[in-house]
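Letter by letter, the sequence shown follows residues -24 to -1, 1 to 97 in mature numbering (1 follows the signal peptide of the UniProt record, and there is no 0).
Idealized CB from N, CA, C, for every residue including glycine.
A short worksheet on the structure shown next.
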Amino acid sequence: MPLPTVVPALVSVLALAHPAPAQSALTLSVRDEAGRGSSVTLECGPTGGTHPHHDRACRTLDSVDGDFGKLPKEQILCTTIYAPVTVAATGHWHGRPVAYSREFPNRCNANAQTADVFNFS
């Protein structure tokens, strides 16, 4: 086999042996009881999207391997005013499907309980 044919074939085999990590792409949303709210996109690996704090949000999600249920809780004093919001995340985290949704008593509680990942307004 001539050398020019061997080199591209070898490069192809090596690329298959060590695939690049899958990019993470998520849509995050916050909605009130009336359905009003906002959504952003978040991309990690490399970071990007419309989330205003995408670097910090990606670092936080990296620390829990994309498990929204394990996001660290922040010790923030929130009011007891009941104005429920629902946060949701859909998409893929390093190739794994993500479908997360949770209701909180108000936006302050949502931000505190999700380490500000859903704080994009």
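Counted within 10 angstroms of its Cβ, other Cβ atoms place residue i as buried (16 or more) or exposed
i	result
A10	exposed
A64	buried
S97	exposed
S(-1)	buried
Cα-Cα separation, residue i to residue j
i	j	result
A33	L47	11 Å
P43	F94	Note that residue 43 is Asp in the sequence shown, not Pro. Distance between the alpha carbons of D43 and F94 is about 14 Å.
T62	N85	11 Å
T56	Q89	15 Å
H29	V16	11 Å
E79	P60	7 Å
G21	V40	15 Å
H70	R35	14 Å
Three-state class that DSSP yields for residue i in the structure shown
i	result
C84	helix
R12	coil
T17	strand
A59	coil
A75	strand
Presumed contact (8 Å Cβ cut-off) between residue i and residue j, rounded CB distance
i	j	result
T66	L18	T66 to L18, Cβ: 11 Å. No contact.
N87	Y58	About 16 Å; that fails the 8 Å criterion.
CB contact below 8 Å: residue i versus chain C
i	result
T23	Of the protein chains in the structure, only one exists, and it is not chain C.
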